[in-house]
Amino acid sequence: MPVSREFQHTVGKTAGFSGTSLHTGEKVSVKLHPAPVDHGIKFKRKDLQDEPTIDARIDNLKTVERATTIGEGAMRVHTVEHVLAALSAMGVDNAMVEMDANEPPIGDGSAQPYVDLIKRAGVTVQEEPRKFFDVREPMHVESKTGALLVLLPDEKFRISCTQAGPNNRFTQYLSMEVTPAAFEREIAPARTFVFYEDVQPLMEKNLIKGGSLENAIVVRGEAVLSKEPLRFPDEFVRHKMLDIIGDLALVGRRIRGHVVAAKPGHATNADLARAVAREQTQRSAMSAPRAIPIGDSGLDTGEVMKILPHRYPFLMVDRVIGFEGENKITAIKSITINEPFFQGHFPGHPVMPGVMQVEAMAQVASILLFKLTNTSSRVGYFMSADQVKFRKPVFPGDTIFIHAELTRARGNRMAKTKCYCVVNDAVVSEGELMFTFLDK
Ligand SMILES: [Zn+2]
173 MPVSREFQHT VGKTAGFSGT SLHTGEKVSV KLHPAPVDHG IKFKRKDLQD EPTIDARIDN
233 LKTVERATTI GEGAMRVHTV EHVLAALSAM GVDNAMVEMD ANEPPIGDGS AQPYVDLIKR
293 AGVTVQEEPR KFFDVREPMH VESKTGALLV LLPDEKFRIS CTQAGPNNRF TQYLSMEVTP
353 AAFEREIAPA RTFVFYEDVQ PLMEKNLIKG GSLENAIVVR GEAVLSKEPL RFPDEFVRHK
413 MLDIIGDLAL VGRRIRGHVV AAKPGHATNA DLARAVAREQ TQRSAMSAPR AIPIGDSGLD
473 TGEVMKILPH RYPFLMVDRV IGFEGENKIT AIKSITINEP FFQGHFPGHP VMPGVMQVEA
533 MAQVASILLF KLTNTSSRVG YFMSADQVKF RKPVFPGDTI FIHAELTRAR GNRMAKTKCY
593 CVVNDAVVSE GELMFTFLDK
């Protein structure tokens, strides 16, 4: 797989505009400021003492009713999804969004004012690579109300969305790859829409003071009420895609995957963002360390060979770089063009055989079990391998980080381990290996 080098971006200069906030109906000004690499998107409340800032991250999510609200302590920022959608889709990774109220201007209910703002500020490249989340396996979230989001592996960020109103009125479907040009043309102009039966109670409670036909389309029965006519025949599904992009921006990484959504809403969008963030945390926990330790914490080749009986060309562990507690081990194996298996696998096209990666996992797991049982009178035999998956090819020049974790042990007789081979922070193979112990 070719490694694309995409770099982070920020805005070129400060730019802003003023408008009305949806929930309070008050005047609010917003300004976009450039920010350094790895800063992400933050909001600043200029109107509060000490001008607190908050990260636009899923950990800070507070409520998802009708709009997405983030907060920390007593501070809140409401309705962040349209500005986040525009920043994310237009390629801005780092920016400070400064406001003098608890909500950015609602504008015309679309992301158009924010696209215009970003274009006025400009988008400039920075020196650090972008951070991505690559979907490896399908993930899904659903709600009791029938909303469903599925995230599938894809090399691009795509959304396929089905929107349906009450009693399936106004059912619409659209599928597209999200690029800055496509977002600007097809998604950003799509306005917020509401079904009259949903907003009537809110209007009675005076909860949407800034709401009007200037910043939302109201659907009453079969009638579509708005100040200007529909911008697209399927404007509703486009706005749902806008909200998905904005809510998923809370992941803090660009997603390479295909979102398939049915009747999505902020709550399920946020659930998916949370699931992605959790998966990312797990991956980071097992990604390879940058500096390889030597000495006390690990085992060098000589020590490995005291434990494992394997020898050239079948010793698949160069060094153990560390143990974590009693149950985890990480080892490395550098793959060179001199590996004997490359002669035949395949002539002129060297690819490491998957079974050799399973062998490497088994050897590393054996070292862990040896440390655990701490006996030389019994020997562990590799008994079975389940759930083995080969995800990416391994080539000469790759360094494999082999992780093994003990997941189950029954006395001194049986043990189960979960193992991963990782190259360049990506899992290349994995499996569950089972061992049994026998007297020598
Ligand atoms: Zn929206």
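Each step along the sequence shown adds one to the number in the numbering used here, with nothing skipped, and position 65 is 237.
The beta-carbon is built from N, C-alpha and C at its ideal position, and this holds for glycine as well.
Just so you know, these numbers come straight off a predicted model, no measurement behind them.
Cα-Cα separation between residue i and residue j, rounded to whole angstroms
| i | j | result |
| --- | --- | --- |
| Phe304 | Ala557 | 31 angstroms |
| Val391 | Leu374 | 15 angstroms |
| Asp597 | Arg455 | 8 angstroms |
| Thr334 | Gln344 | 6 angstroms |
| Gly497 | Thr545 | 14 angstroms |
| Ala360 | Asp222 | 33 angstroms |
| Pro310 | Glu327 | 14 angstroms |
| Thr235 | Pro301 | 32 angstroms |
| Val431 | His482 | 46 angstroms |
| Thr240 | Phe408 | 18 angstroms |
| Glu451 | His181 | 25 angstroms |
| Cys593 | Glu604 | 12 angstroms |
| Glu299 | Pro208 | 10 angstroms |
| Pro519 | Phe486 | 20 angstroms |
| Met173 | His312 | Note that Met173 has pLDDT 37, beneath the 50 cutoff, so the model's placement of it is unreliable and the number below is only indicative. For Met173 and His312, the distance between alpha carbons rounds to 26 angstroms. |
| Phe404 | Ile507 | 55 angstroms |
| Arg191 | Pro277 | The sequence shown places Gly at residue 191, not Arg. C-alpha separation (whole angstroms): 5 angstroms. |
| Leu480 | Val448 | 38 angstroms |
| Met555 | Met477 | 22 angstroms |
| Gly526 | Ser601 | 8 angstroms |
| Asp210 | Arg580 | 39 angstroms |
Outcome for residue i when other beta-carbon atoms lying within 10 angstroms are tallied against a minimum of 16
| i | result |
| --- | --- |
| His521 | exposed |
| Asn387 | buried |
| Val297 | exposed |
| Val175 | Note that Val175 has pLDDT 41, beneath the 50 cutoff, so the model's placement of it is unreliable and the number below is only indicative. Looking at its Cβ environment, which holds fewer than 16 other Cβ atoms inside 10 Å, Val175 is exposed. |
| Leu540 | buried |
| Leu397 | exposed |
| Thr473 | exposed |
| Ser282 | buried |
| Gln372 | exposed |
| Arg363 | buried |
| Arg491 | buried |
| Thr366 | Per the sequence shown, the amino acid found at residue 366 is Val instead of Thr. Its Cβ being crowded by 16 or more others within 10 Å, Val366 is buried. |
| Gln559 | exposed |
| Ile509 | exposed |
| Glu400 | exposed |
| Leu414 | buried |
| Asn441 | buried |
| Leu220 | exposed |
| Leu385 | exposed |
| Glu178 | exposed |
Beta-carbon gap between residue i and residue j smaller than 9 angstroms
| i | j | result |
| --- | --- | --- |
| Phe215 | Met271 | yes |
| Arg426 | Leu346 | no |
| Ala258 | Phe189 | no |
| Asp419 | Leu256 | yes |
| Gly552 | Lys435 | no |
| Met268 | His205 | yes |
| Thr196 | Asn274 | yes |
| Phe513 | Met524 | yes |
| His438 | Ile501 | no |
| Ile504 | Ser469 | no |
| Val322 | Ala433 | yes |
| Gly429 | Leu324 | yes |
| Ile213 | Ile331 | no |
| Asp589 | Phe607 | A small correction: the amino acid at residue 589 is Thr; Asp does not occupy that position in the sequence shown. Taking 9 angstroms as the Cβ cut-off, Thr589 and Phe607 qualify as a contacting pair. |
| Ile230 | Val423 | yes |
Under the three-state DSSP convention, the category residue i falls into
| i | result |
| --- | --- |
| Arg425 | coil |
| Thr453 | helix |
| His521 | coil |
| Asn232 | helix |
| Glu253 | helix |
| Ala616 | No answer is possible for residue 616: the residues shown for the chain start at 173 and end at 612. |
| Glu327 | coil |
| Thr608 | strand |
| Asn274 | coil |
| Ser201 | strand |
| Leu471 | strand |
| Asp265 | coil |
| Asp443 | helix |
| Gln221 | coil |
| Leu194 | coil |
| Arg292 | helix |
| Thr240 | coil |
| Leu320 | strand |
Chain C within 9 angstroms of residue i, Cβ atoms only
| i | result |
| --- | --- |
| Gly429 | Chain labels in this structure do not include chain C; a single protein chain is all it has. |
_Contiguous beta strand (DSSP E) assignments of at least 3 residues, all confined to the segment 482-540_ = The DSSP assignment places 491-496, 500-506 as complete runs of the beta strand (DSSP E) inside the segment 482-540, in order along the chain (cut-off: 3 residues).
*Only counting runs of 4 or more residues, tell me where the alpha helix (DSSP H) segments fall wholly within the segment 342-386, in order along the chain.*
Those alpha helix (DSSP H) runs which fall completely within the segment 342-386 and span 4+ residues are 368-376.
_Going residue by residue through the segment 394-441, where are the continuous beta strand (DSSP E) segments of at least 3 residues, counting only ones entirely within it?_
Listed in chain order, they are 395-397, 426-434.
*Go through the segment 568-599 residue by residue and report every complete run of the beta strand (DSSP E) that reaches 3 residues or more, in order.*
The qualifying runs are 571-582, 586-595.
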